[in-house]
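Top to bottom, those sequences are chains F and Z.
Under our numbering, the first residue of the first sequence is numbered 116, with each subsequent residue one higher.
Under our numbering, the first residue of the second sequence is numbered 7, with each subsequent residue one higher.
Below you'll find the structure, written out as structure tokens, and then a few comments.
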Amino acid sequence: MADGSIGLWTVPLAVLGGAIRVSTPFLFVSLGECITERSGRINLGLEGTLVMGAMSAYGISYLTGSPWLGVLAAGITGALLGALHAGICSLPRVNDVAVGIALMLFGTGLAFYLGKPLIEPTAPRLPAIDFGWWSDIPQLRAALRVNVLFLIGVALAPILYWAFRTTRWGLLIRTAGESSDAARAMGHSVLLIRLRATMVGGFLAGIGGSFLSLFYPGSWNEGLSSGQGITAVALVIFARWDPLLCLWASLAFGGAAALGPALQSVGVTSGYHLFNAAPYILTLAIMIITCSPKRTLTGAPAELSITR
Amino acid sequence: MTSEAADSAEAVGTVAPAADPGFLQRHGGTIEYVLIPGAALAAALAVFGIFVMLFGKNPLDLYFYMYYGAFGTWFSWQNTLTRAAPLILTALCTALPAQLGMVIIGGEGALLIGALSATGAALALQGMPPPVVQIAMVVAGVIGGGLWIMLAGALRQYRGVNETISSLLLVYIALAILNHLVEGMMRDPASLNKPSTREIGAANMIGTIPGTDVHWGLVFGLIAAVAAYILIYHTVFGFAARVAGGNIRAAKIVGLGVSKLILTVCFLAGGAAGLAGMVEVAAVQGRTNANLAAGYGFTGILVAFLARQNPLAIVPVAVLLGGISASGGLLQRRLGLPDASVLVLQGIIFVFVLASDALYGRIGFLKGKS
């Protein structure tokens with residue numbers, strides 16, 4: 116049996132598969148947050164956006180029969196939540212961190228409320244592309260069943276990297292993030308730039324949520340996201356606001372998150388919950404290593420309240 | 007429109023007589039702190055009413071059942087106060103560091119660690135006289151929760167790690183530790199379906215306030231809130247904390263030990279949330295299991311913001327939000343609303359309260375002429 120012959124190789128294979136599968140929500144949320152933070156605002160509410168995205172994608176996919184419409188609905192939901200965040204933040208003397216916390220609770224609550232009837236039914240899920248056809252090891256084939264959203268996310272990282280450097284939009288977002296005075300002097304509305312950046316960020320985070328409910332784990336329930344959104348926000352900080360680093364960090368996180376289930380599948384069950392907390396512990400550890408009390412982080416947008 | 011709105015309007019009407027022209031100048035600020043959150047609350051309730059109307063429910067029924075389930079009967083009052091007790095304590099976990107300008111949102115984690123430590127202390131001291139066990143539980147809960155949030159404070163002070171994110175990450179880590187211990191080392195072999203620790207024993211429970219079904223945790227909460235108020239507004243330590251929160255450089259120039267301030271305040275904040283965990287174990291659950299992660303830590307954040315981080319204002323706000331969550335069961339049974347409706351309402355209130363920050367100092371008739 117091929118199943119028994121690879122033995123402990125199951126673990127690295129599952130971690131590889133996890134790096135591909137579990138990383139996708141991290142990737143989308145971190146890229147979205149990267150855009151928002153580059154414009155000088157932090158949106159901690161993406162945790163709520165992720166859950167709302169998962170719920171609306173599942174609901175629309177169930178109602179229309181098309182998972183891709185579900186993905187679109189998740190993006191739109193995310194953009195609307197982003198607009199809400201930006202709208203409240205544009206009022207004078209309103210703290211963006213606090214609004215993020217509020218929207219985290221609001222998004223999660225609303226998703227649980229609206230998602231109650233969706234726990235039972237099964238919605239059509241997103242298809243996967245089989246990159247493992249050449250192999251006859253079932254675990255490897257399972258690891259290489261890749262979703263299109265992952266490929267889009269991987270492609271998006273270098274595109275964003277390029278867009279931040281060279282396009283007009285990228286420059287405008289960075290100007291708003293580095294010095295709102297400079298952007299204003301150039302005749303641009305900082306609030307409008309940030310509104311758009313937060314909406315695009317919410318759109319991407321919503322799509323990340325649709326991946327959770329429509330591909331992996333691939334169902335809707337209230338325990339679907341437990342902190343992936345906030346982990347991804349933290350990930351942007353130590354990725355130094357660089358989309359390419361966000362990609363590598365997301366892959367590392369996906370691998371770490373897959374460690375618990377992988378070890379469980381080979382019979383190591385004792386530290387199951389602790390291994391499941393690996394992404395959070397890893398985030399905290401990397402933040403401890405990379406942050407410093409003496410200087411602001413290199414690459415940090417100067418207008419960002421969280422690094423000041 | 008709503009009972010709360012009517013209450014706050016009435017309160018303002020009675021304390022602001024037009025006969026005294028200097029009144030608004032002297033008390034305009036205080037009135038603002040009641041009027042603006044009150045209006046935000048009323049607006050949030052109105053929006054929530056529209057929200058349930060979209061699902062074919064009558065908003066007037068909603069308001070009636072909310073009032074009835076929260077404050078309508080002696081039974082619902084007791085339910086409300088029982089839920090308010092941990093909310094006061096977890097709200098202090100956000101409100102105390104806020105004096106230093108820190109945004110800590112990890113009260114839920116400190117609550118879980120506090121509950122675990124308290125349970126551990128009780129199980130280790132089985133057979134000792136109940137008062138000894140109870141005091142040990144309080145001490146263990148406070149130290150456990152306190153160290154947990156102090157970790158977030160230390161990371162901020164010594165490594166520059168953002169305390170909002172680290173404290174939230176610590177919630178998930180605390181939950182993992184709790185599940186790990188409850189399903190492993192500390193598991194009661196008899197708990198099959200719901201892994202739990204062994205019971206702390208009926209004699210060691212802290213019991214209820216005589217004549218009520220409300221447990222002593224409420225008194226713990228009240229004492230902690232008053233103590234926090236005195237600490238912040240009537241001691242040199244609290245003054246130093248507020249100076250450091252207002253201007254960290256000024257605080258360093260006048261020679262305040264900012265590190266010590268941050269660590270102490272974070273310890274006290276986490277200690278309050280840890281005490282909430284101890285109370286939930288010693289007065290409600292009797293043991294530690296995953297039921298403890300009931301979201302009191304997250305609702306506490308909302309309580310602190312709605313009370314504008316003032317420890318005394320936390321008490322009535324915690325009662326109000328305890329009432330909202332107490333009415334959740336009635337809303338489920340009578341109106342068929344999902345249990346998450348309480349979460350939605352809390353989210354809407356939070357959004358409105360934050361948006362209302364823009365109104366301070368802008369209400370024409372409260373400015374007065376100078």
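Just so you know, even glycine gets a beta-carbon here, dropped at the ideal spot from N, CA and C.
Note that the structure is predicted; figures quoted are calculated from it, not measured.
Listed by chain order, chain Z residues near residue i by CB distance under 9 Å
i       : result
Y177(F) : Residues of chain Z passing the Cβ test: none, with the nearest at roughly 17 Å.
A194(F) : Ordered by position in chain Z, no residue passes the 9 Å Cβ test against A194(F), which lies about 17 Å from the chain.
L159(F) : I111, T170, I171 and L174
Residue i CB to nearest heavy atom of the ligand COA below 8 Å
i      : result
A45(Z) : For the structure depicted, the ligand COA is absent and the ligand set is empty, with no information on it obtainable.
According to DSSP, residues forming a beta bridge with residue i
i       : result
V261(F) : I244(F)
R193(Z) : T203(Z)
H240(Z) : Answer is none; H240(Z) lacks a bridge partner.
T214(Z) : H221(Z)
N391(F) : Per DSSP, none; premise fails for N391(F).
N295(Z) : S202(Z)
Residue i at chain F interface by Cβ criterion, 9 Å
i       : result
A346(Z) : yes
Q105(Z) : no
V18(Z)  : Since pLDDT at V18(Z) reaches only 44, below the 50 mark, its modelled position is unreliable, and the value read off the structure follows with that caveat. Answer no: the Cβ-Cβ gap between V18(Z) and chain F never drops below 9 Å.
G190(Z) : yes
R165(Z) : yes
S197(Z) : no
F245(Z) : no
T36(Z)  : no
I111(Z) : yes
G217(Z) : no
F311(Z) : yes
N168(Z) : yes
V325(Z) : no
V271(Z) : no
V53(Z)  : no
Cβ-based burial, residue i [other Cβ within 10 Å; buried from 16]
i       : result
W249(F) : exposed
M116(F) : Only weak support is given to the placement of M116(F): the predicted model assigns it a pLDDT of 38, under 50, and the value that follows is read from those uncertain coordinates. It is exposed - the Cβ of M116(F) has fewer than 16 other Cβ atoms within 10 Å.
E205(Z) : buried
M301(F) : exposed
L374(F) : buried
E235(F) : exposed
A231(Z) : buried
L343(Z) : buried
P379(Z) : As displayed, chain Z neither begins before 7 nor continues past 376, which places residue 379(Z) out of reach and without an answer.
V138(Z) : exposed
L60(Z)  : exposed
L80(Z)  : Inspection of the sequence shows that residue 80(Z) is occupied by Trp rather than by Leu. Exposed, by the Cβ-count rule.
N210(Z) : buried
K63(Z)  : buried
Cβ of residue i within 9 Å of any chain B Cβ
i       : result
L118(Z) : This model lacks chain B altogether; the protein chains it does include are F and Z.
Within-9 Å CB hit, residue i to chain Z
i       : result
M402(F) : yes
P408(F) : yes
T346(F) : yes
V383(F) : no
L218(F) : yes
G155(F) : no
L199(F) : yes
A349(F) : yes
Y228(F) : yes
I352(F) : yes
Where residue i meets chain Z, residues with beta-carbon distance less than 8 Å
i       : result
N391(F) : A182
R208(F) : D363, A364 and Y366
Per-residue contacts from residue i into chain Z (C-beta, under 7 Å)
i       : result
V214(F) : L360
Under 8 Å from the C-beta of residue i: neighbouring residues of chain F
i       : result
Y178(Z) : S341, G342, A392 and Y395
V357(Z) : L199, I203, V214, A217, L218 and F221
L337(Z) : Ordered by position in chain F, no residue passes the 8 Å Cβ test against L337(Z), which lies about 11 Å from the chain.
Neighbouring residues, chain F, relative to residue i (Cβ below 7 Å)
i       : result
N185(Z) : H388
S172(Z) : L399 and M402
I259(Z) : Those do not exist, as I259(Z) stays about 18 Å from chain F at its closest Cβ, beyond 7 Å.
F29(Z)  : The contacting residues do not exist; F29(Z) stays about 26 Å from chain F at best.
L1(Z)   : Nothing in the structure corresponds to residue 1(Z), since chain Z is present only between 7 and 376.
F304(Z) : L220
I56(Z)  : By Cβ distance, chain F contributes nothing, its closest Cβ being about 14 Å from I56(Z), past 7 Å.
Per-residue contacts from residue i into chain F (C-beta, under 9 Å)
i       : result
G353(Z) : G163, A217, L218, M219, L220, F221, G222, T223, G224 and L225
L308(Z) : I216, A217 and L220
L47(Z)  : Those within 9 Å of L47(Z) in chain F number zero; the least Cβ separation is about 14 Å.
Report task. Jot down the residue ranges of each uninterrupted alpha helix (DSSP H) in the region 327 to 388 of chain F, minimum 4 residues, whole runs only, in chain order. Result -> 343 to 353 and 358 to 380
**Report entry** Completely contained alpha helix (DSSP H) runs for the region 132 to 177 of chain F, where each covers 4 or more residues
**Finding:** 138 to 153
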